[in-house]
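Heads up, the thing below is written out as structure tokens.
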Amino acid sequence: MDNREYLAKLFSLEGKTALITGAGGGIGSALSEGLAGAGAEVALCGRTVAKCQAVKERIEAAGGKASVHALDIADMDSVRACVAEVLETYGKVDVLLNVAGINVREGMLDVTEETYDRIMNTNLKGLYFLSQLVARDMYTRKSGSIINIGSHNDEAMLGGCSVYGATKSAVRALTRSMAVEWAQYGIRANCISPGHILTELTTDNWVNRPARKVYMEERIAMRRPGMPNELVGIALLLASDASSYMTGEVYRVDGGCMCGGTPWEYDTAY
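Following the numbering used here from start to finish, the sequence shown increments by one per residue and tops out at 290.
Shown next as structure tokens:
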């Protein structure tokens with residue numbers, strides 16, 4: 021076996037089915053196309069079916085396999101119906117990628133109970149119970165990988181993100197609980213925490229808000245936002261057998277934001 025064959029086998033997702041929530045969004049679509057490119061059959065689940073359909077068409081144009089399934093992650097009836105439909109379509113779920121999430125940027129003194137519940141139900145409650153349903157299927161085969169999407173805000177906090185940050189911190193803790201309880205069933209659980217990723221929802225911060233742009237660039241060692249496709253590598257690792265002894269961990273993809281950002285001035289010959 022040559023090097024290319026070895027690497028292809030190690031990271032291959034051939035024969036695996038991946039259920040991805042929030043599949044029509046900037047990060048969800050990039051991860052969906054990445055997993056499909058590695059051979060997975062991808063169940064694209066999201067509230068905006070038209071966006072998921074566009075992702076499906078791109079995947080199929082590239083020779084991959086995908087299907088679209090309506091999902092409102094904050095609605096338990098929708099969660100149950102979506103998982104049941106995916107299982108009926110494919111017969112199993114090998115990889116679950118929990119991407120769906122929302123945020124409303126408001127100060128803590130301004131957040132209403134309605135906003136609080138909407139963010140909590142989407143980012144945490146929906147993720148919890150959808151994962152439970154999928155894990156029950158994985159349990160029957162004693163195999164599976166769950167990948168949760170955290171955030172820079174699961175540890176470092178930005179103003180106006182109190183509820184969002186609370187949910188993402190909880191997702192990190194929930195990832196550890198999944199890992200501890202479900203390892204005995206052959207199920208692994210890990211979390212990817214992206215930094216400042218440039219998507220349709222975050223472009224405003226970099227284009228129209230100079231103060232925010234400067235603030236973020238000063239704190240990111242690479243001095244730029246990440247792109248959604250820069251999350252694909254770690255997702256492929258965690259979804260594939262290459263990570264067979266990895267569970268319960270958080271992996272940051274943030275351009276060096278958490279490590280300290282731009283250094284102080286110092287003497288150097290370079």
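We put the CB at the ideal spot given by N, CA and C, even for glycine.
Leaving aside the five residues that flank Gly180 on each side, the residues in its chain whose CB is nearer than 8 Å to its CB run, in chain order, Arg125, Glu126 and Gly127. Under the criterion of beta carbons closer than 8 Å, Met140 and Thr187 qualify as touching, at roughly 6 Å. Taking the Cα of Arg243 as reference, the smallest distance to any Cα among Cys211, Met278 and Arg24 is reached at Met278.
Contact between Leu30 and Ala58 fails: their C-beta atoms lie close to 11 Å from each other, not under 8 Å.
Separation of the CB atoms of Ala50 and Pro248 is rounded to 4 Å, and the pair is thereby assigned contact status at 8 Å. Setting aside the 5 residues that flank it on each side, Ala176 is surrounded in the same chain by Cys277 and Met278, each with a C-beta closer than 8 Å to its C-beta; the list follows chain order. Three or more Cβ pairs closer than 8 Å define a contact, and the segment 68–75 falls short of that threshold against the segment 145–162. Here Ala90 is bridged, per DSSP, to Gly66. Taking the Cβ atoms as the reference, Leu91 lies roughly 6 Å from Thr41, within the contact range of under 8 Å.
Remark: C-beta atoms of Gly35 and Ala255 do not approach each other more closely than 8 Å.
A Cβ-Cβ distance of about 20 Å is found for the pair Ile122 and Ile166, leaving them out of contact under the 8 Å criterion. The three-state secondary structure of Lys112, taken from DSSP, is coil. Cβ-Cβ distances below 6 Å link Leu150 to Val99 in the same chain, with the five nearest sequence neighbours on each side left out; the list follows chain order.
One Cα belongs to Tyr235, the other to Gly45, and the distance between them is close to 25 Å.
Between Ser197 and Leu257, the alpha-carbon positions lie close to 21 Å from each other. Around the beta carbon of Asn23, fewer than 16 other beta carbons lie within 10 angstroms, which makes this residue exposed. Across the set Tyr271, Gly164, Glu285 and Leu27, the C-alpha of Glu285 shows the shortest separation from the C-alpha of Glu238.
Around the CB of Tyr184, 16 or more other CB atoms lie within 10 Å, so the residue is classed as buried.
Excluding its 5 nearest sequence neighbours in each direction, Val119 has C-beta neighbours in its own chain below 8 Å: Ile40, Thr41, Gly42, Ala43, Gly45, Ile47, Gly48, Leu51 and Ile169, listed in chain order. For Ala50, the uninterrupted alpha helix (DSSP H) run begins and ends at Gly46 to Gly57, by DSSP. When Leu27, Arg156, Lys112 and Ala190 are compared, the shortest CA-CA separation from His172 is found for Ala190. Excluding five sequence positions before and after Gly84, the CB atoms of its chain that fall closer than 6 Å to its own CB belong to Ala56, given in chain order. Here Asp174 has Lys188, Ser189, Arg192 and Ser213 as same chain residues with Cβ atoms under 6 Å from its own Cβ, once five neighbours each way along the sequence are excluded. For Asn168, the beta-bridge partners assigned by DSSP are Asn118 and Cys211.
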